[in-house]
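Be aware that the sequence shown starts at 6, since it is given in the numbering used here, and climbs by one per residue.
Following: one structure in structure tokens, then a few remarks.
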Amino acid sequence: MKTTFKTQAGRLTALVAFAALLGGCATSGNPKDPVEGFNRAMYGFNEGLDKVILKPVATGYEAVLPSPLQTGVANFFSNIEDLMIGVNNLLQGKPAQAASDAGRVLVNTTVGFLGILDVASTMGMEKHEEDFGQTFGRWGMPDGAYVVWPFFGPRTVRDTLGLILDVYVDPVWAQLDHIPTRNSMILLRYISNRAELLKADKVIEEAALDKYSYVRDAYLQRRQSLIHDGNPPKFDPYSGAGEGKSAEAQDGAGASSQVAARN
């Protein structure tokens, strides 16, 4: 593994230790958000970065690149993503879903021209959404404190650990030896993912008086839903997770988190 990548993994590991330290040093009114002051500061930083750089670039990308090409780029990276989705489904004890994921990769890589065309979906092969954070959750690991990281966005401590593994095994992050190619692909994937979330921005702007709380609650609720495959335990008003967020809002809340999770 490249030294530069080991450095990235080391930094992510340090984030977990830092989260544990923060959790013991500060409290807030929400039991899931014991470091709310820090998190709000990081949320503001990420929002500023998105407003000044990321969103304008994504808006330009959407305006300039024809829609079929945007779809092809998104499909290409989605096909790469299916590789590790299959691994996580297998680790979660869901062999049928894992086999379906492998089938998607095979079909889309061959018939779909390296995944540019999503032929598998037209054949009825469902797209799943799994990661190591969800796998840890299925294994019974507590989610831990909610933390907002600079650049990486909202996570829990458990999801931060999952992110380290997600990055470690990601074919783009970890397996490409040619650094300019790797960085170009990471940047293109980031822009593509951010462009897909532009419409979700409006949902948050219109629905939330306190965007930070709205994003936090929707993120926690969405993660619970994903871990339990759409059938989470009964909502606990004292858990700190939000209730009643629409599916669209859950997908849109924390645009930075979803973009980061795929990069």
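Just so you know, even glycine gets a beta-carbon here, dropped at the ideal spot from N, CA and C.
Requested in this report: Grab the span of the beta strand (DSSP E) containing Gly-3 for me, first residue to last.
Outcome: The first residue shown for the chain is 6 and the last is 268, placing residue 3 beyond what the model contains.
Requested in this report: Below 7 angstroms CB to CB, which residues in the same chain sit around Ser-261 once its five sequence neighbours on both sides are set aside?
Outcome: Caution applies to Ser-261, whose pLDDT of 44 falls short of 50 and renders its modelled position unreliable; the value that the coordinates give is listed next. Contacts found: Asn-51, Asp-55, Gly-158.
Query raised in the report: Taking the continuous beta strand (DSSP E) assigned at Val-153, which residues delimit it?
Result: 151-154
Requested in this report: Apply the 10 Å Cβ neighbour rule to Asp-222 and answer buried if 16 or more other Cβ atoms are within range, or exposed otherwise.
Outcome: buried
Query - CB of Pro-238 within 7 angstroms of CB of Ser-230, strictly - result: Here Pro-238 is not near Ser-230, since their CB atoms are 7 angstroms or more apart.
Query raised in the report: If we ignore side chains and look at the alpha-carbon of each, how far apart do Ala-68 and Leu-74 end up?
Result: Approximately 12 angstroms, taken between the alpha carbons.
Query raised in the report: Ala-68 by DSSP, collapsed to three states: which one?
Result: helix
Query - Run of the alpha helix (DSSP H) containing Val-57, from where it starts to where it stops - result: Run containing Val-57: none; DSSP gives neither H nor E here.
Query raised in the report: When burial is assigned at 16 or more other CB atoms within 10 Å of the CB, is Phe-164 buried or exposed?
Result: Phe is not the amino acid found at residue 164; the sequence shown has Asp there. Buried.
Requested in this report: Determine, using beta carbons only, whether Phe-137 and Gly-91 come nearer to each other than 7 angstroms.
Outcome: Contact flag unset, no.
Query - Euclidean distance between Cα positions of Val-117 and Met-89 - result: Checking the sequence, you will find Gly at residue 117 rather than Val. Those two C-alpha atoms are separated by around 19 angstroms.
Query raised in the report: DSSP state of Trp-144, grouped into three classes?
Result: coil
**Report entry** Gln-180 and Arg-143 closer than 7 angstroms at C-beta
**Finding:** no
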